[in-house]
Amino acid sequence: MSISFLPDILPPLEDGVCFICDGSGIDYNDQHCRTCQGKGRAMVRRWPAEANFANSNAYAVMAALGIEQSPGGSVPHSGLPDILRRALIVLNDDRAASQHTRPAWSVEGGWAGIAIRETGNLSEIVHMGPVIRSTGLDADGLRDRVRSVVEVVEVAHKLGVGITWG
Ligand SMILES: [Zn+2]
1 MSISFLPDIL
11 PPLEDGVCFI
21 CDGSGIDYND
31 QHCRTCQGKG
41 RAMVRRWPAE
51 ANFANSNAYA
61 VMAALGIEQS
71 PGGSVPHSGL
81 PDILRRALIV
91 LNDDRAASQH
101 TRPAWSVEGG
111 WAGIAIRETG
121 NLSEIVHMGP
131 VIRSTGLDAD
141 GLRDRVRSVV
151 EVVEVAHKLG
161 VGITWG
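Numbered according to the numbering used here, the sequence shown spans residues 1 to 166.
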């Protein structure tokens, strides 16, 4: 799951690479792509700027920029200067940035207990529950993402519109 930040405009549809099959003509179920009828081309919208992050990172960026933490939303043109002010603080102040980072973590496999698997006349003890890892978000990673949103904000500012995300 991911969230995209965009200038709040609806660009016209134009001929482009099919966004469902990525131009292959075969969709994610290994079926003939119905969106483009297998041609690999479809009408698409191209935004002049876009920043796309995994949900957890998008929420960290929203918090750092002082905007509503939600899966979808918008900030009007008049709210853009506040976002840029917050971005400057996060980009220049280590303490401000560190409030929105999170450490990497992992859980060892086997956390869901054991099961006994019978194969023929063999019994095997199986440890259930996979290893789970989260990559975390350090200050550099946060700042790279904040800079990407600043690019979207600057394009929106020039176009006289706000930003939207979802
Ligand atoms: Zn397609």
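All C-beta atoms in this analysis are idealised placements derived from N, C-alpha and C, irrespective of residue type, glycine included.
Distance cut-off 7 Å: residue i Cβ against heavy atoms of ligand 1
| i | result |
| --- | --- |
| Gly20 | It should be pointed out that residue 20 corresponds to Ile in this sequence rather than to Gly. Correct: Ile20 has its Cβ closer than 7 Å to ligand 1. |
| Thr35 | yes |
| Gly25 | yes |
| Gly40 | yes |
Environment of residue i [buried if 16+ CB atoms lie within 10 Å]
| i | result |
| --- | --- |
| Asn57 | buried |
| Ile116 | exposed |
| Val131 | exposed |
| Ala104 | exposed |
| Thr164 | buried |
| Met1 | exposed |
| Val61 | buried |
| Gly162 | buried |
| Ile114 | exposed |
| His32 | exposed |
Short Cβ contact (8 Å threshold) for residue i with residue j
| i | j | result |
| --- | --- | --- |
| Gly136 | Trp111 | no |
| Ala49 | Pro7 | yes |
| Arg45 | Leu13 | yes |
| Arg145 | Ala51 | yes |
| Pro71 | Gly166 | yes |
| Ala64 | Leu142 | yes |
| Asp30 | Ile20 | no |
| Ser106 | Arg147 | no |
| Phe5 | Val149 | yes |
| Val17 | Gly40 | yes |
Beta carbon proximity, residue i to chain C, threshold 8 Å
| i | result |
| --- | --- |
| Glu124 | Judged by its chain identifiers, the structure shown contains no chain C, having just a single protein chain. |
- Please confirm if the stretch 80-87 is in contact with the stretch 151-158, defined as three or more CB-CB distances below 8 Å between the two stretches. yes
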